[in-house]
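Chemist: Throughout, the numbering used here is defined as the position within the sequence shown, counted from one, plus 49.
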Amino acid sequence: MHACGGARPSSDTLEQETQLSRTKRDMQSLNIHICSDAGCRVGAGVARAVLIVQPRNTVVVVGESTQLRCQTNVSATSSSSTAAAAVSWKFTSVDGQQQNFIYNENGLSPSYEARGISVLVNDSTVSRLHFESVELRDAGTYTCQDDGGIGDPHAAWLAVLGTTHTHTHTH
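The following block contains the structure:
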C-alpha cells in the first residue's frame with residue numbers, strides 16, 4: 050500500500066507521466082502554438098498544423114495565369130519538431146484517372162516545373178500554387194495539406210474555359 054492509502058502506481062504509469070510532462074515542457078520551450086476553432090494556446094495537447102487559409106474554387110481561361118493559395122498556422126522553420134509542417138499540393142484530373150503530387154517535402158515535381166507551374170512559399174506558412182499559362186489539362190481538383198501531407202486535406206477545383214486551336218491552311 051502507498052502511504053496515502055491507495056495502490057502504488059506502477060513503474061509504467063510513472064514512466065508515462067514523466068514522458069508526458071517532458072513533452073509538455075518541450076512544447077512550451079519551443080513555443081509551439083496549438084490552434085482550434087476555440088483559439089490558440091501554447092504548449093498543451095498535441096502539436097498539429099492547421100490550414101487557416103484554404104484554396105478556393107477558381108475559373109480561368111486558357112492562357113491566363115492564376116494561383117491557388119493555402120496557409121498553415123505553423124511555420125516549417127519554427128523548430129525541428131515542426132519541420133514537417135510544410136504544405137503539400139496534389140492534383141486529381143476531372144475524370145479522377147490521374148492523381149499526381151505537385152509539391153511536397155521533396156520539392157516541385159519536374160513535370161509541373163517544366164510547364165511553368167511553380168509553388169511560391171512566403172515565410173514558410175503561405176503556399177501559392179502558381180500557373181503561368183493555364184492549359185485545358187490543368188482542369189481538375191487541387192488539394193493542399195499541411196503537416197507535410199498528413200494533416201487534414203482541403204480541395205478546390207480549377208475550371209478551365211476555352212478550346213485548343215488547330216490551324217488549317219487552305220490553298
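Built from N, CA and C at the ideal position, the CB exists for glycine as well.
Report yes if the C-beta distance between T121 and T174 is below 7 Å; otherwise report no.
Modeler: Yes.
Chemist: Measuring CB to CB, does L100 end up less than 7 Å from D195?
Modeler: Against a cut-off of 7 Å, the Cβ pair of D195 and L100 comes out as a contact.
Chemist: Taking the alpha carbon of R164 as the reference point, which residue from G112, P104 and N106 has its own alpha carbon closest?
Modeler: Of G112, P104 and N106, the residue nearest in Cα terms is G112.
Chemist: On the DSSP bridge assignment, give the partners of V102 in chain order.
Modeler: Answer is Q120.
Chemist: Could you say which of H203, S160, V143 and T115 lies nearest to L178 if we only look at CA atoms?
Modeler: Closest option to L178, Cα to Cα, is T115.
Chemist: Can you check whether the CB of V170 is closer than 7 Å to the CB of L157?
Modeler: No, Cβ-Cβ distance for L157 and V170 is not below 7 Å.
Chemist: Find the nearest neighbour of D181 within the set N149, Y191, G189 and Y161, judged by alpha-carbon distance.
Modeler: According to the sequence shown, residue 181 is Glu rather than Asp. Cα-wise, what sits closest to E181 is Y161.
Chemist: If you run the structure through DSSP and keep just helix, strand and coil, what is S176?
Modeler: Reduced to three states, the DSSP call for S176 is strand.
Chemist: In the structure shown, what three-state DSSP assignment does S160 receive?
Modeler: If DSSP states are grouped into helix, strand and coil, S160 belongs with the helices.
Chemist: Near L210, what residues of its chain come up, given a Cβ to Cβ distance below 6 Å and the 5 sequence neighbours on each side ignored?
Modeler: Once the five neighbours on either side are set aside, the close Cβ partners of L210 are V110.
Chemist: Hey, would you say S142 sits closer than 7 Å to G189, going by beta carbons?
Modeler: Yes.
Chemist: Can you check whether the CB of P104 is closer than 7 Å to the CB of A208?
Modeler: The answer is no: Cβ separation not under 7 Å.
Chemist: Buried or exposed for Y152, please, with buried defined as at least 16 other CB atoms from any protein chain shown within 10 angstroms of its CB.
Modeler: Buried is the call here.
Chemist: Counting only beta-carbon separations shorter than 7 Å, does G156 have a partner in chain C?
Modeler: Included in the structure is just one protein chain, with no chain C present.
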